[in-house]
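**Q** Sharing a structure, written as structure tokens. Questions coming.
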Amino acid sequence: MSKRDYYEILGVAAESSGDEIKSAYRKLAFKYHPDRNPDDPEAEAMFKEAAEAYEVLRDPDKRERYDRFGHDGINDNGFSGFSNADDIFGAFSDIFSDVFGFSGGGGRRARAGSDLRYNLVISFRDAAKGAEVDIRIPVEETCGECDGSGARKGTTPQTCPQCGGTGTVHQTQGFFRVAVTCPHCRGRGVLITDPCHECMGRGSVVVDKDLKVRIPAGVDNNSRLRLRGEGEAGLYGGPPGDLYVVIQVEPDKTFEREGQNLILSREISFVQASLGHRMQVPTLDDPVDLDIPKGTQSGEIFRLRGLGLPHLGSTHKGDLLIEIRVKTPTHLNKRQEELLLEFQELEEGKPLKKAKDFFKKAKDKVMGE
Numbered sequence: 001m002s003k004r005d006y007y008e009i010l011g012v013a014a015e016s017s018g019d020e021i022k023s024a025y026r027k028l029a030f031k032y033h034p035d036r037n038p039d040d041p042e043a044e045a046m047f048k049e050a051a052e053a054y055e056v057l058r059d060p061d062k063r064e065r066y067d068r069f070g071h072d073g074i075n076d077n078g079f080s081g082f083s084n085a086d087d088i089f090g091a092f093s094d095i096f097s098d099v100f101g102f103s104g105g106g107g108r109r110a111r112a113g114s115d116l117r118y119n120l121v122i123s124f125r126d127a128a129k130g131a132e133v134d135i136r137i138p139v140e141e142t143c144g145e146c147d148g149s150g151a152r153k154g155t156t157p158q159t160c161p162q163c164g165g166t167g168t169v170h171q172t173q174g175f176f177r178v179a180v181t182c183p184h185c186r187g188r189g190v191l192i193t194d195p196c197h198e199c200m201g202r203g204s205v206v207v208d209k210d211l212k213v214r215i216p217a218g219v220d221n222n223s224r225l226r227l228r229g230e231g232e233a234g235l236y237g238g239p240p241g242d243l244y245v246v247i248q249v250e251p252d253k254t255f256e257r258e259g260q261n262l263i264l265s266r267e268i269s270f271v272q273a274s275l276g277h278r279m280q281v282p283t284l285d286d287p288v289d290l291d292i293p294k295g296t297q298s299g300e301i302f303r304l305r306g307l308g309l310p311h312l313g314s315t316h317k318g319d320l321l322i323e324i325r326v327k328t329p330t331h332l333n334k335r336q337e338e339l340l341l342e343f344q345e346l347e348e349g350k351p352l353k354k355a356k357d358f359f360k361k362a363k364d365k366v367m368g369e
């Protein structure tokens, strides 16, 4: 039986953010949790199906492969789903801790920084050849004045009296006692009564960061480049997030792109098409000669192998395809028309008009004598 679409399983759109995907999964995990649905194989199957979808869509690399190749792109990389609920609890302990209160911690536990996205427009030539581009992005970094505590230097944040420093409080929902974010300290576990003057108690500041982005040869529109650790700073010693650079390639005036192949259109006269012709065609490097054989028809395509775009991570290149268009003249002088009429008569096997005129003149001369 074919697998359902992962976005359909979670009930989200394909362009949904990571937070939206996480929120959708939390709801499904709560709805189909085995403790809420004992001895219900259908609920257990839905629970596993949602977990499998979330496992793929929460990971940017897996999600990109899934978006491009579907389930085949995931299966080819060794992911085969979860065999039981314990595997799911282990993989997503952070979610089940927050939703069901399975573990303590909370509060000032280390939190990874958010991932960032940067849209980068590059030229067609940079996409074809590869390049190194300088970018400047605003990012949140740990405040150097308070070392991320949010409190003024020399002071200490106070433990939240409502949650006791855990960052969570417990509420009863149906049969379950679940942990939710403490509304008093907003999950931080502490209260800052004397905030840092630099970050105003946030523990982080926004700074402009200069980065060099290496563009590999062969990238296409919507290719994503991952810069590990260049996202927002983590909280309480947590790791920074990643930066995802999304590529947009400007169109080229000469070439069109189809996968890793380049397409070029060139026009020749009907005489050149009939008699054959040698012409120069541009490539990504130096121009090359192309021999057009006699009798070439409009729309014929000639392939120059290995003169296209490189495949990502490979030395193999696509091809250059030259489409020939035969141009029909729209204005002819008298001599050109005569020549074409003679050509037409030859094609149709008719005697040439010149020959007819010659015999007529000869006959008139004889009769006149």
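Numbering-wise, UniProt numbering puts 26 at position 26 of the sequence shown, and it's gapless, one number per residue.
For every residue, glycine included, the Cβ atom is placed at its ideal position computed from N, Cα and C.
(1) In chain order, what are the residue ranges of uninterrupted beta strand (DSSP E) at least 3 long that sit wholly in the segment 244-280?
(2) Using DSSP bridges, identify the partner residues of Asn119.
(3) With DSSP as the reference, identify every bridge partner of Arg226, one or two as the case may be.
(4) Between Glu232 and Leu116, which are expected to be in contact by the criterion C-beta below 8 Å, what is the C-beta distance as a whole number of angstroms?
(5) Tell me whether the beta-carbon of Gly229 lies closer than 9 Å to the beta-carbon of Asp210.
(6) Could you tell me the distance, in whole angstroms, from the CA atom of Gly144 to the CA atom of His197?
(7) DSSP three-state call for Pro145: helix, strand or coil?
(8) The beta strand (DSSP E) with Asp152 in it runs from where to where?
(9) Under the assumption that Pro138 contacts Val190 (Cβ atoms under 8 Å), give the Cβ distance between them as a whole number of angstroms.
(10) Using C-beta distances below 7 Å, list every residue in its chain close to Ala53, excluding the 5 sequence neighbours before and after it, in chain order.
(11) What did DSSP end up calling Leu346 once you bin it into helix, strand or coil?
(12) Between the segment 322-329 and the segment 268-285, are three or more C-beta pairs nearer than 8 Å?
(13) Would you grab the beta carbon distance between Tyr25 and Ala50 for me? Rounded to a whole angstrom, and I think it's under 8 Å.
(14) Do Val121 and Glu250 have their C-beta atoms within less than 9 Å of each other?
(15) On the DSSP bridge list, what partners appear for Lys327?
(16) What separation, rounded to the nearest whole angstrom, lies between the Cα atoms of Leu340 and Thr296?
(17) What does a CB cutoff of less than 8 Å around residue 384 pick up in its chain, not counting 5 residues either side in sequence?
(18) Whole-angstrom Cβ separation of Pro60 and Arg226, contact assumed at under 8 Å?
(19) Could you check the C-alpha separation between Thr142 and Tyr118 for me, to the nearest Å?
(20) Identify whether Pro41 lies in helix, strand or coil by the three-state DSSP scheme.
(21) The alpha helix (DSSP H) that contains Ile21, what's its start and end?
(22) Taking Gly187 and Leu262 to be in contact with their CB atoms under 8 Å, please state how far apart those CB atoms are, rounded to whole angstroms.
(23) For Ser149, is the classification buried or exposed, using 16 other Cβ atoms within 10 angstroms of its Cβ as the cut-off for buried?
(24) Which same chain residues, not among the five before or five after Met279, have their C-beta less than 6 Å away from its C-beta?
(25) At what residues does the beta strand (DSSP E) containing Leu211 begin and finish?
(26) To the nearest angstrom, how far is it from the Cα of Gln344 to the Cα of Thr328?
(27) Just the C-alpha distance for residue 371 and Leu309, rounded to the nearest angstrom, thanks.
**A** Checking against the coordinates, here is how it stands:
(1) 256-258, 261-269
(2) Val246
(3) Tyr244
(4) 6 Å
(5) no
(6) 11 Å
(7) The sequence shown places Glu at residue 145, rather than the Pro named in the question. Coil at Glu145, not helix or strand.
(8) A quick correction: the sequence has Arg, not Asp, at residue 152. Note, Arg152: premise wrong, no beta strand (DSSP E); not H, not E.
(9) So it is not a contact: roughly 27 Å between Cβ atoms.
(10) Tyr6, Ile9, Leu10
(11) helix
(12) yes
(13) 6 Å
(14) yes
(15) Ser269
(16) 19 Å
(17) Nothing about residue 384 can be reported from this structure: the residues present for the chain run from 1 to 369 only.
(18) 7 Å
(19) 20 Å
(20) helix
(21) 18-31
(22) In fact, because the Cβ distance is near 53 Å, the residues do not count as touching under 8 Å.
(23) buried
(24) Leu290
(25) 204-215
(26) 15 Å
(27) Here the chain has residues from 1 to 369 only, and residue 371 is not among them.
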